[in-house]
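Read top to bottom, the protein sequences are chains A and B.
If you count the first sequence from 1, you need to add 197 to reach this note's numbering.
If you count the second sequence from 1, you need to add 108 to reach this note's numbering.
Notes follow once the structure below has been shown.
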Amino acid sequence: MILFIQQILNGLTLGSIYSLVALGLTLVYGIMHIPNFAHGAFYMMGGFVAYSLMTKAGVPYWPAILCAAAVSAVIAMVSERLVFRALENALPLHHMIAAIGILLFLEALAHAIWGAEFHRMPTPYTGSVTLAGLSLPTQRILIIVSAFVLMVALNLFLRKTLLGTAILAMAQNREGAFLMGIDANKISLLTFAIAGALAAVAAALFAPINLIYPTMGELVIMKAFVIIILGGMGSISGAIVGGLIIGMAEALAGFYVSSDYKDLIAFAVLVLILALRPEGLFTKGMR
Amino acid sequence: MMNKFSLLGKGGASLFFLLCLFFPLLANNQYQVALMTNIFILALATLGLNLITGYTGQLNLAHGSFMAIGAYTVALLMVKGGWPFWPALLVAVLFTGMLGALLGTVALRLKDHYFAIFTMSLGVIILLILEKWDSLTEGHNGIFGIEPPEGFGLIDFHQILPQYYLALVMLLIGLLVMWRITLSLLGRTFIAIRNSEPLAQAIGINTMRAKLLSFTLSTCYGGLAGGLYSGIVRFVDPSLANIAFTFDMITFMLVGGIGLLFGPIVGCVLLMWLVQSLQFLQEYRMLIFGPILIILVIYFPHGLMGYLHLRRMRRLTRQPSSNATATTKV
Numbered sequence: 198m199i200l201f202i203q204q205i206l207n208g209l210t211l212g213s214i215y216s217l218v219a220l221g222l223t224l225v226y227g228i229m230h231i232p233n234f235a236h237g238a239f240y241m242m243g244g245f246v247a248y249s250l251m252t253k254a255g256v257p258y259w260p261a262i263l264c265a266a267a268v269s270a271v272i273a274m275v276s277e278r279l280v281f282r283a284l285e286n287a288l289p290l291h292h293m294i295a296a297i298g299i300l301l302f303l304e305a306l307a308h309a310i311w312g313a314e315f316h317r318m319p320t321p322y323t324g325s326v327t328l329a330g331l332s333l334p335t336q337r338i339l340i341i342v343s344a345f346v347l348m349v350a351l352n353l354f355l356r357k358t359l360l361g362t363a364i365l366a367m368a369q370n371r372e373g374a375f376l377m378g379i380d381a382n383k384i385s386l387l388t389f390a391i392a393g394a395l396a397a398v399a400a401a402l403f404a405p406i407n408l409i410y411p412t413m414g415e416l417v418i419m420k421a422f423v424i425i426i427l428g429g430m431g432s433i434s435g436a437i438v439g440g441l442i443i444g445m446a447e448a449l450a451g452f453y454v455s456s457d458y459k460d461l462i463a464f465a466v467l468v469l470i471l472a473l474r475p476e477g478l479f480t481k482g483m484r
Numbered sequence: 109m110m111n112k113f114s115l116l117g118k119g120g121a122s123l124f125f126l127l128c129l130f131f132p133l134l135a136n137n138q139y140q141v142a143l144m145t146n147i148f149i150l151a152l153a154t155l156g157l158n159l160i161t162g163y164t165g166q167l168n169l170a171h172g173s174f175m176a177i178g179a180y181t182v183a184l185l186m187v188k189g190g191w192p193f194w195p196a197l198l199v200a201v202l203f204t205g206m207l208g209a210l211l212g213t214v215a216l217r218l219k220d221h222y223f224a225i226f227t228m229s230l231g232v233i234i235l236l237i238l239e240k241w242d243s244l245t246e247g248h249n250g251i252f253g254i255e256p257p258e259g260f261g262l263i264d265f266h267q268i269l270p271q272y273y274l275a276l277v278m279l280l281i282g283l284l285v286m287w288r289i290t291l292s293l294l295g296r297t298f299i300a301i302r303n304s305e306p307l308a309q310a311i312g313i314n315t316m317r318a319k320l321l322s323f324t325l326s327t328c329y330g331g332l333a334g335g336l337y338s339g340i341v342r343f344v345d346p347s348l349a350n351i352a353f354t355f356d357m358i359t360f361m362l363v364g365g366i367g368l369l370f371g372p373i374v375g376c377v378l379l380m381w382l383v384q385s386l387q388f389l390q391e392y393r394m395l396i397f398g399p400i401l402i403i404l405v406i407y408f409p410h411g412l413m414g415y416l417h418l419r420r421m422r423r424l425t426r427q428p429s430s431n432a433t434a435t436t437k438v
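This is the structure:
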């Protein structure tokens, strides 16, 4: 039983990280219909920036995370401004190639600055909390709580502020949003910035129990794509629920079935679900 | 539209083949010949990807994984089964094609990004199986000691030169078959589906059957290229199935000209030599290559061959007397 609860906790941790990454991906998809493979690179840069600030500059954990979020947000905005906006009327395939170009560039940049080795990020939260005979690592609790707080904050921002509703409006109906006087360029920049920041926070939260290396974003971004397909592309609640489902499935199957194949779970789940239900899990008639 | 055999004109195509034919004489060293051999194999695989993605409009992110299946089929049959190369190659093509038909039946019910992410997942699953099924695939270590193809008479495929011409001949056969496909009614059916699937359906095309045929054929190309890769490189590891490799092929296709017969080959030759010439930068070469890729996509969205084609079209339309026949013949 204790082992089972521990796996649930692991699943929640993984799921929180996946949800944060998938949220940014789905927001960008909703606004601009870009399958942004560079999102994994924003995630990776966030991890590295937080790591360097902590180990080289001695910045404490939370300010380091904030700086990482800012840096990734800026990188995301620059990619939007320089690359995706220039491709506004291009085919989806061109967006994807451009995104791959950004991904290759940022990975090479990380490689040039930090090298190809694996780094482990320090964390001030090394202990664990004992609750009803269960020992729960603090960092994992922290990940779940922070991710939850961020999701609530994002939700409030999207629903209660003018800028947030502008993002939602543009995702629902582009032309309608333009007619209401929404500045599309500003909203795309903002969406990219939010997506980059979320990815960076996810990376910096996850890094202490994982590792940091230039290609760390690749598997995560592929799983995030699986999540937003399952949750319905562009759907915010879908990204959160999908992330948690994949995180749980991975943790439980990795423990009870085979840890060798745990990275396969997300993809196998997608293949099975789409083979049985080509329209996806939560989609509203859209394919 | 832009689906005709030669966009450089017949002259350009002939020049290209003459260059390929005499390239070993022009090359400075054996390494360049071996590199060019590899490029031909990659181009053969990319030709297949161009059929399903360029002509039929379905973005297949598992193409590299299908190539890996072909490569592993040959490697395993030869090293663990003691088969000769040629029958192993035939089985590799058939097996990859069968797997393609099977997976395609499920995958092609999905559209757009759903199809792309579905195939991406298939690719990752194939990669992970190749990595983790140690007892069969030797995992990360890959399979060594694959014998080269058995020669005919004086031809000995242990040497670099016969390998080069083997790859060239295979590429030419692949190109010829692709040319016949794209000129046929079938090829036009594929293009109709790319341009608008509902419209194709409305004019009575069985789109599922056509897409499945295109997908199966494209995986056969992948299997053939993979099998050839095993016989010539004589070593396979799971990295072939990595999505990064499929991204490479998509890039070749797009830079050369997507949905154009010669696009994949031109893109492949160009970019492989570009990456090669940036080799002195070592692991930093992507710092240059990434931005070049972005610039190409922004300023040459139809690829190099598409750009040449458009220029030619514009020139032809300026001379109204010749355009009626010329535009249909180029």
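Ideal placement from N, C-alpha and C gives every residue a C-beta, glycine not left out.
Please read all numbers here as calculations on a predicted model, not as lab measurements.
Neighbours of threonine 359 of chain B in chain A, taken as residues at a C-beta separation under 8 Å, are given in chain order as Ile294 and Ile297. Within chain A, the residues placing a beta-carbon under 7 Å from that of proline 409 of chain B are Ala287 and His291, ordered along the chain. Not flagged as an interface residue toward chain A: phenylalanine 388 of chain B, since no C-beta distance is shorter than 8 Å. Taken in chain order, the members of the stretch 228-246 of chain B whose beta-carbon sits within less than 7 Å of a beta-carbon on chain A are Met228, Ser229, Leu230, Val232, Ile233, Leu236 and Lys240. When rounded, the separation of the alpha-carbon atoms in alanine 349 of chain B and leucine 235 of chain B is 5 Å. Boundaries of the beta strand (DSSP E) harbouring proline 334 of chain A: 331-334, taken from the DSSP string. Around the Cβ of histidine 417 of chain B, a 10 Å sphere holds 16 or more other Cβ atoms; the residue is buried. Check the Cα spacing between leucine 300 of chain A and each of A:Val280, A:Leu263 and A:Pro289: the tightest is with A:Val280. With contacts defined as CB atoms closer than 8 Å, alanine 135 of chain B and isoleucine 268 of chain B fail to qualify as a contacting pair. The beta-carbon of valine 256 of chain A is placed no less than 8 Å from the nearest beta-carbon of chain B. Here the stretch 175-192 of chain B does not lie against the stretch 388-400 of chain B, with fewer than 3 beta-carbon pairs under 8 Å apart. Taken through DSSP and simplified to helix, strand or coil, leucine 290 of chain A comes out as helix. In the DSSP assignment, the residues bridged to threonine 327 of chain A are A:Ser332. For cysteine 264 of chain A, the closest of A:Val275, A:Val246, A:Gly255 and A:Arg278 by C-alpha to C-alpha distance is A:Val246.
DSSP places arginine 302 of chain B in the uninterrupted alpha helix (DSSP H) bounded by 293-303.
Isoleucine 251 of chain B sits in a strand when the DSSP states are folded into three classes. Each of A:Asn407, A:Leu461 and A:Thr362 was checked against the Cα of leucine 224 of chain A, and the nearest Cα belongs to A:Thr362. In this structure, A:Asp460 is the residue among A:Ser432, A:Asp460 and A:Ala296 with its C-alpha nearest to the C-alpha of glycine 444 of chain A. A distance of 8 Å or more separates the beta carbons of serine 216 of chain A and alanine 396 of chain A. Of all residues in the stretch 415-426 of chain A, only Met419, Phe422, Val423 and Ile426 come within less than 7 Å of chain B when Cβ atoms are compared, listed by chain position.
Within the model, the alpha-carbon separation for leucine 360 of chain A versus leucine 387 of chain A is close to 9 Å. Buried is the label assigned to leucine 402 of chain A, since at least 16 other Cβ atoms lie within 10 Å of its Cβ. In the three-state reduction of the DSSP assignment, histidine 221 of chain B falls in the helix class, which pools H, G and I. Remark: C-beta atoms of glycine 330 of chain B and phenylalanine 193 of chain B do not approach each other more closely than 8 Å.
At a cut-off of 8 Å, the C-beta of proline 372 of chain B has no neighbouring C-beta in chain A. A Cβ-Cβ separation of about 5 Å places lysine 319 of chain B in contact with leucine 216 of chain B under the 8 Å criterion. The closest CA to that of arginine 296 of chain B, considering only B:Gly162, B:Val344, B:Phe131 and B:Phe343, is found on B:Gly162. Put simply, the stretch 200-208 of chain A touches the stretch 438-452 of chain A. At least three CB pairs are less than 8 Å apart. For histidine 171 of chain B, the uninterrupted alpha helix (DSSP H) segment begins and ends at 171-187. Taking 8 Å as the cut-off, the beta carbon of leucine 211 of chain B is found closer than this to the beta carbon of leucine 230 of chain B. Closest option to glycine 428 of chain A, judged by alpha-carbon separation, among A:Val466, A:Met413 and A:Asp380: A:Val466. One alpha carbon belongs to leucine 150 of chain B, the other to alanine 333 of chain B, and they sit about 7 Å apart.
Against phenylalanine 315 of chain A, chain B offers no close residue; the least beta-carbon distance is about 16 Å (beta-carbon pairs closer than 7 Å). The beta carbon of valine 280 of chain A sits closer than 8 Å to some beta carbon of chain B.
Residue burial is scored here from C-beta neighbours: glutamine 271 of chain B has at least 16 other C-beta atoms within 10 angstroms and is therefore classed as buried.
For leucine 408 of chain A, no chain B residue has a C-beta closer than 8 Å to its own C-beta; the minimum C-beta separation is roughly 18 Å.
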